[in-house]
Amino acid sequence: MSVADRVGADGSAEIAGAHEKRVTVALFAAGLTTFAAMYSTQSLLPSLSAAFGVPPAHAALAVSLTTGFLALAIIPVGVLSARIGRTRVLIGSAMAAAALGLLLPLCPTMDTLLAVRAVQGVALAGVPAVAMAYLAEEVGASGLGSAMGVYIAGTSIGGLAGRLIPSLTLGLTSWRWAELTVSLAVAAGAVWFARTLPASRGFAARPAGVGTLLGDLARQARAPRPAALFALAFLLMGSFVSIYNYLGYRLTHRPFGLSEAVVGLVFVLYLAGTAASAYAGRLADRRGHHRILVVSLALMAVGLAVTIPDHLSTVLIGILLLTTGFFGAHTAASAWVGALAENRGAASSLYMFAYYLGSAVVGSAAGIAYAAGGWIGLVACVAVLFAVAAVLTATLSPRSPARAGTPEPRPSGQRVGVQQ
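Numbering follows the working numbering, with no gaps: position 109 of the sequence shown is 377.
As structure tokens, then:
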């Protein structure tokens, strides 16, 4: 039972509401801070290629290594949070990642920078590993979709800041000063988050051995709908990061020939993700998660196709549609995982593991497609992933034969969000 359920039953719904508001604001700050750190090098990739003499696929490791090591750390960090508390892990993660970010401008070689980014990925893992479980414990089920939407809106603004701040700074100075500027902003955001986050009220320590942990993870991975949602997280996040990883290279080269500072303005389109996250969360609570997933995936596919012509206006429209669709899909899928899960900590860990593993694996491998076929090669690669995602989404339909007569179990004693 969530905090809102327990406290509301005692006639103190107003207190519960105030607590949930503080939780939501704090997690917004967490998403903003950690995602700004996570993607602080993405808009700098062309500059890193030039500064260190490395090809695009090598430079893209400055993003892929961070998300890859983050993915590997998510499950262990989730276990740690179950032992020592969600808030300790959340705050420790944000502060450590901010401190490591301040070392990046000092890196003398590309290999050193990649090593720091890998360690920063481990430090960052605490927020995405714990945020979903923390929200599920602290926020009433009827408002979980909306709260998740606000958190993901924070991640979208953080992603925008992490890309926009350094790219605009590049117009005045080098990549080192650009990275320092965004790292200082991240440090300020981490302090804001640490001062805002309220203590847990719904947390109960669950010390568990390795056997118990593996059993919990295996049960969640075997459940048909959660497993499909984990796979969707891998495919959609990998596709989305791939597009943004190589977008800067396309726009700075012919036929566009834009400066890196101007290209950075393209990341303002990330604001579409902010609006889409909050709106999709509310719609998922009312209309059902599957419907929002279908619409969002279709929007991503249309956006991908629109980016193909070598016209700046169509590229921008396509990126806008793809960004809107991605954040809508992520909001619906992550909220659905929280609603379906018997063990929310294990389920959220697996979801975020798949999510960031997709970013690392697909985001890096897509460089091969880009090197071989340019933007068309990248679009073809992502289109294949979208086709697989469409098949998975179809299996999630309440009308799917695979789902008929096999409803997902509801966690005992918990209210859940809208299910389909």
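Even glycine gets a Cβ: it sits at the ideal position worked out from N, Cα and C.
- Gly417 and Ala467 have their alpha carbons spaced roughly 21 angstroms apart.
- When the five nearest sequence neighbours on each side are left out, the beta carbons in the same chain lying within less than 6 angstroms of the beta carbon of Thr423 are those of Gly299 and Phe303, in order along the chain.
- Counting along the chain, Ile342 sits inside the alpha helix (DSSP H) bounded by residues Leu329 to Ile352.
- In the structure shown, Arg522 adopts coil according to DSSP, grouped into three states.
- By the Cβ test, the stretch 504-512 is in contact with the stretch 641-656, since at least three Cβ pairs between them sit closer than 8 angstroms.
- In the structure shown, Thr309 adopts coil according to DSSP, grouped into three states.
- Here the alpha carbons of Pro376 and Ala658 stand approximately 44 angstroms from one another.
- Rounded to the nearest whole angstrom, the C-alpha separation of Leu392 and Ile359 is 10 angstroms.
- Under the three-state reduction of DSSP, Arg469 is assigned to coil, being neither helix nor strand.
- For Ser617 and Gly556, the gap between their C-alpha atoms comes out near 23 angstroms.
- DSSP, read as helix, strand or coil, puts Thr377 in coil.
- Taking a C-beta distance under 8 angstroms as the contact criterion, Ala597 and Met620 do not qualify as a contact pair.
- Here His579 carries a coil assignment [DSSP, helix/strand/coil].
- Nearest neighbour of Leu440 by Cα position, chosen from Leu497, Gly394, Ile342 and Ala529, turns out to be Ala529.
- Of the residues assessed, Gly457 falls on the buried side of the cut-off, its CB having 16 or more other CB atoms within 10 angstroms.
- Contact check between the stretch 330-338 and the stretch 428-435: fewer than three CB pairs, one atom from each, fall below 8 angstroms, which does not count as touching.
- Between Glu406 and Arg469, the C-beta gap is smaller than 8 angstroms, which places the two residues in contact.
- Secondary structure of Leu440 (DSSP, three-state): coil.
- At the C-beta level, Val536 and Gly516 stay beyond 8 angstroms of one another.
- Under the criterion of beta carbons closer than 8 angstroms, Phe654 and Leu572 qualify as touching, at roughly 7 angstroms.
- Within the same chain, and ignoring the five residues on either side of Ala501 in sequence, the residues whose Cβ sits closer than 7 angstroms to its Cβ are Ala601, Tyr619, Ala622, Tyr623 and Gly626.
- As the crow flies, the alpha-carbon of Met400 is around 31 angstroms from that of Gly635.
- In this structure, the beta-carbon distance from Gly369 to Ala305 falls below 8 angstroms.
- Ranked by Cα distance from Ala397, the first of Ser311, Tyr638 and Ala614 is Ala614.
- Contact check for Ala362 against Thr292 fails: the beta carbons are separated by 8 angstroms or more.
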